[in-house]
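First the structure, in the form of structure tokens, and then the observations on it.
Numbering (UniProt numbering), first residue to last: 1 to 164.
Here it is in structure tokens:
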């Protein structure tokens with residue numbers, strides 16, 4: 001079994017702050033994530049700048065795409081992302097279109113598990129070719145004291161065991 005990869009999430013409100021942290025930590029991580037907040041603040045330039053700063057790292061565009069999967073995937077991968085996130089509530093058509101672009105660019109899609117989703121959803125994602133799912137515990141929930149529980153890491157058990 002290959003070793004797990006360490007992902008650095010950059011949810012900064014400025015590109016300069018994100019790049020300072022990357023400069024300090026890039027030798028210790030495998031994946032650099034252009035976080036949602038950073039991407040909303042800085043746009044595509046965040047992904048482009050991180051690609052330029054870390055040419056050998058996997059770059060994730062954490063956009064939590066819910067629609068326009070093809071268009072947004074084209075933008076993410078053209079900007080230098082290797083992976084892009086799609087939120088689990090997105091229609092399967094969005095996942096399919098985003099995944100098709102990812103495949104044509106040599107990239108991958110991560111399904112971001114947040115809120116309500118089912119093992120049937122996971123089976124559908126797997127059927128269309130998606131092989132990555134990540135669990136998101138929202139910062140608002142965490143700040144309000146919400147603990148890991150039902151729907152947290154335990155919810156992965158069925159996804160991890162699922163191999164059609």
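The beta-carbon is built from N, C-alpha and C at its ideal position, and this holds for glycine as well. Bear in mind that the values here come from a model prediction, so they are computed numbers and not experimental data.
For my contact list, residue i and residue j are in at a C-beta cut-off of 8 Å; report their separation, rounded to the angstrom.
i	j	result
residue 204	residue 67	Only positions 1 to 164 of the chain appear in this structure, which leaves residue 204 out of reach.
residue 133	residue 110	7 Å
residue 6	residue 29	5 Å
How should residue i be labelled, buried or exposed, when 16 other C-beta atoms within 10 angstroms of its C-beta is the threshold for buried?
i	result
residue 25	exposed
residue 1	Note that residue 1 scores 49 on pLDDT, short of 50, meaning its location in the model is unreliable and no value can be drawn from it.
residue 43	exposed
residue 12	buried
residue 120	exposed
residue 90	buried
Do you know how far the Cα of residue j is from the Cα of residue i?
i	j	result
residue 84	residue 114	16 Å
residue 107	residue 100	9 Å
residue 127	residue 17	39 Å
residue 124	residue 65	17 Å
residue 136	residue 112	6 Å
residue 72	residue 98	8 Å
residue 40	residue 49	14 Å
By alpha-carbon positions, which one of the options ends up nearest to residue i?
i	options	result
residue 32	10, 117, 16 and 64	10
residue 88	105, 80 and 118	118
residue 51	105, 69, 82 and 38	82
residue 86	49, 60 and 79	60
residue 53	77, 23 and 71	23
residue 76	91, 47, 122 and 144	47
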